[in-house]
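Participant: Chains as they are written, first to last, in the numbering used here: chain A, 1 to 384; chain B, 1001 to 1808.
No residue lacks a Cβ here, since even glycine has one placed at the ideal position from N, Cα and C.
Quick caveat: nothing in here was measured; it's all calculated off a predicted structure.
Please see the structure below; I have some questions.
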């Protein structure tokens, strides 16, 4: 068909381009494009065909010389050829470019088994982590966090807590003293417990009151299981009609939430603390599993035992008075426990002294990610 | 407090086992610290008879025995004891038994080629005595084959921790009383004994210090024969951890352990003149029974005669007048000493004793005559003798204390409902006398406190008595009522800030350490605040823990050194905690601080980075700025100040450190390289970058701003940048130039960032070239040439004030 039509070029028109020429030129150009090995070769072919002086460009100029009635025929034929070449050029260009890119990328191959630059990894100390956990648990029960000085005076640390000068319990506290006295003539010491914060909170905030007071405390005691500095958390509730039952519920709720176990069993034992009356020591049942204490179950169950975890009781009337409140109007409970020990029980460390060494190997192992923020929705504990 | 079960059962009629007793003790507040059950220790040992004893063929000192164990064929046992011989009845440990003294587990074995099926034991090996010269020899009629524990009559020993409020339980009788109240048995009454004597007390007894010694009773027993106590007494004392000495001494110790009632026996022959309780004279000395000499003062009470001090009253007797083998006449002292006086004296002399621990808790002032009568009887039983009449000097404080208490309080405070009748029963069984009606829970009772309970002084104490005997396990959990309204944050802003910076630092690759609050004084001195002095402990646990830290850096530097010593190559440590300064009026000023130490390699040698790189001051600066930003400090307003009076201090490299301040005075942080001398002091090698953030100095948010942020819409027009290079004096801090350029045209300049600091070719000597990229943000319409020229003019003019010249 094409050839029949193109014969018109020879028979009807006299353009100086024979169908023979048309055909052979077309073939040559398309072949050259097909064979262009590089983008430079391809460009040369483009110039040779479609460039200003290119064969096809020259032919296109001839269209104007054709009488109008035949112009559409010639124009369509020549432009079709131009389009054909143009798309051949584009196809070849795309192919050559893809090949060149492939080659370049192949040359850019790197060894990805080489190490990437490492960002240093940090950690949050287990004590801080557990303090955050405790704050979260107690916030849910409406306890605010309170603080007080660690360098205390003997009134806040002892006298106000119903331990007057000659009280034998004072001697049991292994207190660190300073030679200094404060403006009121009170002896300065390192607080032996977080309980002075009870007094400070009552004096500062009055009642009703629900606070926890975590922090450093100090006892002149150092052996495998005692360090002269450790961490306690104190809890205090002052309100109307608060009794031992509320204390028991609070401690149960706290320990269950902290260890995330419903089977926590508490054993309350009468005890003695000068600042509470009645006083209660709290044991929790645990099992020995693989040399580790695993909290849960009754201490009386087979393979289980009790371990003391908390001291607590109903706040002594004298302490409420020292806090500036009327003990006939207000009553409440207080409790205290060791944060370091809670951390050890929950997360399985066995050496208290390592807590204060700053050994990065230990910190990397037992520390927590910055993103391990204890929340009630995401869980206050961080599983392995 | 330790005691054997059989001793307890002398006062408490009960069938209870040792486990039941222990469980009940725990339940009523007498915490069981341990149970030693010798039967358990002695399991695997049995009474056995040696049938034959032959020389060991390979060893001179060994014998080969055949031993009849009461069942089956006799066993062959190798034995090294010289007294092993045919016919001897002793104790054989069978394979599998654990030797109490050393924990060795016995096995069937060959000793020098001869089979041995156990061990014949000495008393020491079974922890029954000190004798180790030979094996135990039992009477010839001891039943061969019987478990030795059974033969020996092993008596379990219970140890309880007695809280300081319970002097009554420093005696076994008091413990028995509590157990009886708790329903574990029947308390045997302390019988009333005839206290009359057959002759007047030949010694004058007097108290010249009625404050320290309100009551001093005594009597003489003539014609006693002192010597070792009988075995039953020795066993009891040993069970309580008390060493038997002689019958007279053992009798007083027995009284103390049984009834919590210390007493003293003097050898009358060694006394001279009236025996008087009086204040000591300053400087007076006494050689005490512990073979130490104490120097006394007038604040202490002593028992003395014309010859001198014989007793540090209520604490320890003197060596001179103690009873010995030769004692024939004895003066018994039973006295009531003031608890506070005893406590103070004991503290001052740093002398603890069984007597002190009881007197200072407060013994029963009503147990003088009865105690003395029982002691007399015991001594007469052990040693014979004839007792004089009792001489009584002074009177014990008469304190029938009455507590008013409404039975309703038990439920109100204790959270458990106990019927008034049961409350009365409990109180009565503990020795309280209760007067009051049971019908009305709110009506107060008059409760008279027994003399042995000095701890009871208010209604809550009565609640405790009722609840602990009734059972704390009967207290039901009751939920704390939830506060009405919306839950609000329970942490203060300071606490939230602390948590934020802690996690920010950890996220930036630093490890949080917790170091001691106390330091060696020398370390603290290096970082001493200079103005107020250090807090130094009077009684540090060691010199390494003497000074409260004035900075977090010393502790972190020591931790860094320990890590480096262990081979750590790179250290990024931080701590959030308090530093301890002097506050007003002698109080402490404890400031929340974050310290950080960067030591060792910042980057290890690497295939990209080449050689390892150390930390520099800019690393510390980067941490400080990032953490301050997280802490909510207005970082854009902070100024980097070169060292001056406000910091960073002589601990830092003077040319590579600075403070960051908000305004001229408020230092929020100090950072930089550690001074090489300080690094040397802490023994840390290589360059160390450190920083300290004063978290307490960061201004808090003002007021309750709510949650909505200020309005902002990103500008529609695109920002563009212009670069400016200035020649400035070499000493000009680049930050100053950046700040003035940034502030040159606040309406248009959104940011200015330094990207080049060049000295060398093309830059005159004494100058440097600083290049800044300035970001311009058109707001309403795009910039025209004229606008840009105006901005450049403002930038150039502002920079010129610092002596900066725009480069062409």
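Measure the C-alpha to C-alpha separation of residue 1324 (chain B) and residue 1002 (chain B) and round it to an integer number of angstroms.
Facilitator: So the alpha carbons of these two residues sit roughly 26 Å apart.
Participant: Taking the Cβ atom as the reference point for each residue, do residue 276 (chain A) and residue 313 (chain A) lie within a distance shorter than 8 Å?
Facilitator: Cβ atoms of residue 276 (chain A) and residue 313 (chain A): closer than 8 Å.
Participant: Looking at the structure shown, is residue 1 (chain A) part of a helix, part of a strand, or coil, going by DSSP?
Facilitator: At residue 1 (chain A) the pLDDT is 38, less than 50, meaning the model places this residue with poor confidence and gives no usable figure here.
Participant: Mind checking residue 1801 (chain B): buried by the 16 CB within 10 Å criterion, or exposed?
Facilitator: Its Cβ having fewer than 16 others within 10 Å, residue 1801 (chain B) is exposed.
Participant: Note down, in chain order, each residue of its chain lying with its Cβ closer than 7 Å to the Cβ of residue 1468 (chain B), except the 5 sequence neighbours on either side.
Facilitator: Cβ neighbours of residue 1468 (chain B) beyond the five flanking positions: 1028 and 1029.
Participant: Spell out whether any CB of chain B is found under 8 Å from the CB atom of residue 1 (chain A).
Facilitator: Note on residue 1 (chain A): pLDDT 38, under 50, position unreliable in the model; no value is reported.
Participant: Assign residue 1056 (chain B) to buried or exposed, taking buried as 16 or more other Cβ atoms, counted over all protein chains shown, within 10 Å of its Cβ.
Facilitator: Buried.
Participant: If we call anything under 8 Å between Cβ atoms a contact, is residue 210 (chain A) one with residue 150 (chain A)?
Facilitator: Not closer than 8 Å, so no.
Participant: Does the beta carbon of residue 1147 (chain B) come closer than 8 Å to any beta carbon on chain A?
Facilitator: Judged by the 8 Å Cβ criterion, residue 1147 (chain B) is not in contact with chain A.
Participant: Taking 8 Å as the limit between beta carbons, can you name the residues of its chain near residue 1461 (chain B), skipping five residues before and five after?
Facilitator: Closer than 8 Å at the Cβ level, and outside the excluded window around residue 1461 (chain B), lie 1403 and 1455.
Participant: Tell me which same chain residues have a C-beta within less than 8 Å of the C-beta of residue 184 (chain A), skipping the five on either side of it?
Facilitator: Only 153 and 155 meet the Cβ criterion.
Participant: To the nearest angstrom, how far is the alpha carbon of residue 268 (chain A) from that of residue 248 (chain A)?
Facilitator: Roughly 8 Å separates the two Cα atoms.
Participant: Please list, in chain order, all residues of the same chain as residue 1637 (chain B) whose beta carbon is under 8 Å from its beta carbon, the five residues on each side excluded.
Facilitator: Counting only Cβ-Cβ distances below 8 Å, and skipping sequence neighbours, we find 1662.
Participant: Tell me, which residues are paired with residue 238 (chain A) by DSSP?
Facilitator: The partner list for residue 238 (chain A) (beta bridge, DSSP) reads A:209 and A:332.
Participant: In whole angstroms, what is the alpha-carbon distance linking residue 1 (chain A) and residue 70 (chain A)?
Facilitator: Note that residue 1 (chain A) has pLDDT 38, beneath the 50 cutoff, so the model's placement of it is unreliable and the number below is only indicative. C-alpha separation (whole angstroms): 18 Å.
Participant: Residue 303 (chain A) touches chain B at which residues, Cβ-Cβ below 8 Å?
Facilitator: The premise fails here: residue 303 (chain A) is roughly 16 Å from chain B at the closest Cβ pair, so nothing lies under 8 Å.
Participant: Could you spell out the range, first to last residue, of the alpha helix (DSSP H) harbouring residue 1562 (chain B)?
Facilitator: Here the alpha helix (DSSP H) through residue 1562 (chain B) covers 1553-1565.
Participant: Run through DSSP, which three-state label would residue 1001 (chain B) get?
Facilitator: Looking at residue 1001 (chain B) - three-state DSSP - the assignment turns out to be coil, as it is neither helix nor strand.
Participant: Just the Cα atoms here: how many angstroms apart are residue 1810 (chain B) and residue 1458 (chain B)?
Facilitator: Any answer about residue 1810 (chain B) is impossible in this case: the structure gives chain B only from 1001 up to 1808.
Participant: Looking at the structure shown, is residue 1548 (chain B) part of a helix, part of a strand, or coil, going by DSSP?
Facilitator: Strand at residue 1548 (chain B).
Participant: Tell me residue 1806 (chain B)'s beta-bridge partners as DSSP assigns them.
Facilitator: Answer by DSSP bridge pairing, in chain order: B:1726.
Participant: Name the two residues that bound the continuous beta strand (DSSP E) containing residue 1445 (chain B).
Facilitator: Per DSSP, residue 1445 (chain B) belongs to the beta strand (DSSP E) from 1445-1448.
Participant: With C-beta atoms as the reference, is residue 1264 (chain B) less than 8 Å away from residue 1371 (chain B)?
Facilitator: Against a cut-off of 8 Å, the Cβ pair of residue 1371 (chain B) and residue 1264 (chain B) comes out as no contact.
Participant: Hey, out of B:1290, B:1355, B:1296 and B:1415, whose CA is closest to residue 1320 (chain B)'s CA?
Facilitator: Residue B:1290 is the option with its Cα nearest to residue 1320 (chain B).
Participant: To the nearest angstrom, report how far apart residue 1082 (chain B) and residue 1245 (chain B) are at their CA atoms.
Facilitator: Approximately 30 Å between the Cα atoms of the pair.
Participant: To the nearest angstrom, report how far apart residue 1203 (chain B) and residue 1273 (chain B) are at their CA atoms.
Facilitator: Whole-angstrom Cα-Cα distance: 7 Å.
Participant: Look up residue 1025 (chain B) in the DSSP assignment and say whether it is helix, strand or coil.
Facilitator: Residue 1025 (chain B): helix per DSSP, three-state reduction.
Participant: Under the rule that 16 or more other beta-carbon atoms within 10 Å means buried, what is residue 364 (chain A), buried or exposed?
Facilitator: Residue 364 (chain A) comes out exposed.
Participant: With DSSP as the reference, label residue 1239 (chain B) as helix, strand or coil.
Facilitator: Looking at residue 1239 (chain B) - three-state DSSP - the assignment turns out to be helix.
Participant: Going by the CB atoms, is the gap between residue 1571 (chain B) and residue 1600 (chain B) shorter than 8 Å?
Facilitator: Yes.
Participant: Within its chain, find whatever has a CB closer than 6 Å to the CB of residue 1004 (chain B); leave out the 5 residues flanking it on each side and keep chain order.
Facilitator: Excluding sequence neighbours, residue 1004 (chain B) sits near 1155, 1157 and 1239.
Participant: Determine the direct distance from the alpha carbon of residue 133 (chain A) to that of residue 1021 (chain B), and round the result to whole angstroms.
Facilitator: Roughly 39 Å between the two C-alpha positions.
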